[in-house]
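Quick note, the numbering used here runs 2 ahead of the 1-based positions in the sequence shown.
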Amino acid sequence: MTTTKAAFAHSKISVLKTFVTNKDAAWHAFDPEAYFTHYYGKPHPDDDVLTVLAARALKDAADASPRGLDVIDVGTGPSLIPLLAALPVATRLTAWEYAAPNLEWLARELSGTALRPQWLHFWQSVKAAHCVEGAGSNPLLAHDPLPLLVQRVRLLRGSIFDLPRQAYDAATMFFCAESITSSRAEFGAAVTAFTSTVRPGGTVAAAFLSGSSGYNVSDRRFPAVSLTEAQITDALAPRLASLSVTPIGLSDHEIRSGYSGALFISGRTRS
Ligand SMILES: C[S@@+](CC[C@H](N)C(=O)[O-])C[C@H]1O[C@@H](n2cnc3c(N)ncnc32)[C@H](O)[C@@H]1O
3 MTTTKAAFAH
13 SKISVLKTFV
23 TNKDAAWHAF
33 DPEAYFTHYY
43 GKPHPDDDVL
53 TVLAARALKD
63 AADASPRGLD
73 VIDVGTGPSL
83 IPLLAALPVA
93 TRLTAWEYAA
103 PNLEWLAREL
113 SGTALRPQWL
123 HFWQSVKAAH
133 CVEGAGSNPL
143 LAHDPLPLLV
153 QRVRLLRGSI
163 FDLPRQAYDA
173 ATMFFCAESI
183 TSSRAEFGAA
193 VTAFTSTVRP
203 GGTVAAAFLS
213 GSSGYNVSDR
223 RFPAVSLTEA
233 QITDALAPRL
243 ASLSVTPIGL
253 SDHEIRSGYS
263 GALFISGRTR
273 S
């Protein structure tokens, strides 16, 4: 009886330990270089697919809005993929990130003399997605995207929960709303804030982890909400007038820490 009580008490503590809200996680100790090496050091085909899908969604948005797009990426972290995907159509590109180490890492990444080969690899996917007849002469699809990135990107420190409402023409978000908390309610609030930062009739393009309960960066654990495809689309659908869903690489085992496939969603916000 005593043993059973002790075991019950222990299991309760374990449950409490694995439930982490956004404010509880150690974002100040996030190791961007370790994250980059683990997830993007060797480009994964799933990320090529995500890059192409995001670039296409933004290109479609730009085709309907020839003056160009004011684009925000939320929870940019140690990745240039969404910034590259939006670069050919963005008049301004905001990286909205909460963790100070990631902002410092992004600033260093953009102040170097050359992009890493991994980013040039994903830039090829962006170019492929944007290439239409005659686009070869488009200067925005230059061989080296770094000068244009430096010109267009601004880095802002902020939380997804504090995004301004109806401020941008388009928003991207790769692995943020579901990868910053264990709380389903916070995930819902994050998705609402993300979609609400886009003007009515604007475009959202986002990637979500499927069925993840957290991930390791260096020796630290970061939280995620384990979600099904239906739960992700249910959170977004009320905010969107149109919705396109693409499952990517869904697997029954982890391919990288916390990653066993993704869901890409794009759509237009309600007018
Ligand atoms: C799993 S990482 C995703 C990084 C990158 N977007 C990618 O695709 O690899 C989650 C990111 O969300 C950021 N983050 C954590 N809390 C946040 C918040 N409240 N608002 C915005 N971003 C946040 C983290 O610092 C981290 O960069």
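Glycine is no exception: its CB is placed at the ideal position from the N, C-alpha and C atoms.
How about residue i and residue j: do their beta carbons lie closer than 9 angstroms?
{"i": "residue 257", "j": "residue 174", "result": "no"}
{"i": "residue 165", "j": "residue 117", "result": "no"}
{"i": "residue 157", "j": "residue 122", "result": "no"}
{"i": "residue 72", "j": "residue 217", "result": "no"}
{"i": "residue 183", "j": "residue 227", "result": "yes"}
{"i": "residue 124", "j": "residue 53", "result": "yes"}
{"i": "residue 27", "j": "residue 225", "result": "yes"}
{"i": "residue 87", "j": "residue 220", "result": "no"}
{"i": "residue 203", "j": "residue 159", "result": "no"}
{"i": "residue 179", "j": "residue 60", "result": "no"}
{"i": "residue 230", "j": "residue 247", "result": "no"}
{"i": "residue 241", "j": "residue 185", "result": "no"}
{"i": "residue 163", "j": "residue 144", "result": "no"}
{"i": "residue 126", "j": "residue 42", "result": "no"}
{"i": "residue 92", "j": "residue 29", "result": "no"}
Could you tell me how far apart the beta carbons of residue i and residue j are, in whole angstroms, since I believe they sit closer than 8 angstroms?
{"i": "residue 161", "j": "residue 261", "result": "Not a contact, Cβ separation roughly 23 angstroms."}
{"i": "residue 57", "j": "residue 132", "result": "6 angstroms"}
{"i": "residue 250", "j": "residue 264", "result": "5 angstroms"}
{"i": "residue 243", "j": "residue 201", "result": "The pair is not a contact, with the Cβ atoms about 13 angstroms apart (cut-off 8 angstroms)."}
{"i": "residue 209", "j": "residue 176", "result": "5 angstroms"}
{"i": "residue 155", "j": "residue 95", "result": "5 angstroms"}
{"i": "residue 40", "j": "residue 259", "result": "6 angstroms"}
{"i": "residue 64", "j": "residue 70", "result": "7 angstroms"}
{"i": "residue 34", "j": "residue 80", "result": "4 angstroms"}
{"i": "residue 281", "j": "residue 142", "result": "Because the chain spans 3 through 273 in this model, residue 281 falls outside it and cannot be assessed."}
With 16 other CB atoms within 10 Å as the buried threshold, where does residue i fall?
{"i": "residue 115", "result": "exposed"}
{"i": "residue 106", "result": "exposed"}
{"i": "residue 77", "result": "buried"}
{"i": "residue 24", "result": "buried"}
{"i": "residue 266", "result": "buried"}
{"i": "residue 189", "result": "buried"}
{"i": "residue 21", "result": "exposed"}
{"i": "residue 212", "result": "buried"}
{"i": "residue 146", "result": "exposed"}
{"i": "residue 268", "result": "buried"}
{"i": "residue 149", "result": "exposed"}
{"i": "residue 5", "result": "Legend: pLDDT at residue 5 = 39, less than 50; position of this residue unreliable, value from coordinates given subsequently. Residue 5 is exposed by the Cβ-count criterion."}
{"i": "residue 140", "result": "exposed"}
{"i": "residue 49", "result": "buried"}
{"i": "residue 239", "result": "exposed"}
{"i": "residue 82", "result": "buried"}
{"i": "residue 135", "result": "Low per-residue confidence applies at residue 135: pLDDT is 49, beneath 50, and the placement is therefore not dependable, though the value from the model is reported in the following sentence. Residue 135 should be labelled exposed."}
{"i": "residue 187", "result": "exposed"}
{"i": "residue 253", "result": "exposed"}
{"i": "residue 113", "result": "exposed"}
{"i": "residue 232", "result": "exposed"}
So who's on the other strand from residue i, going by DSSP bridges?
{"i": "residue 208", "result": "175, 267"}
{"i": "residue 249", "result": "265"}
{"i": "residue 73", "result": "95, 172"}
{"i": "residue 222", "result": "219"}
{"i": "residue 85", "result": "Residue 85 is not bridged to any residue."}
{"i": "residue 201", "result": "According to DSSP, which records beta bridges pairwise, residue 201 is partnered with nothing at all."}
{"i": "residue 242", "result": "271"}
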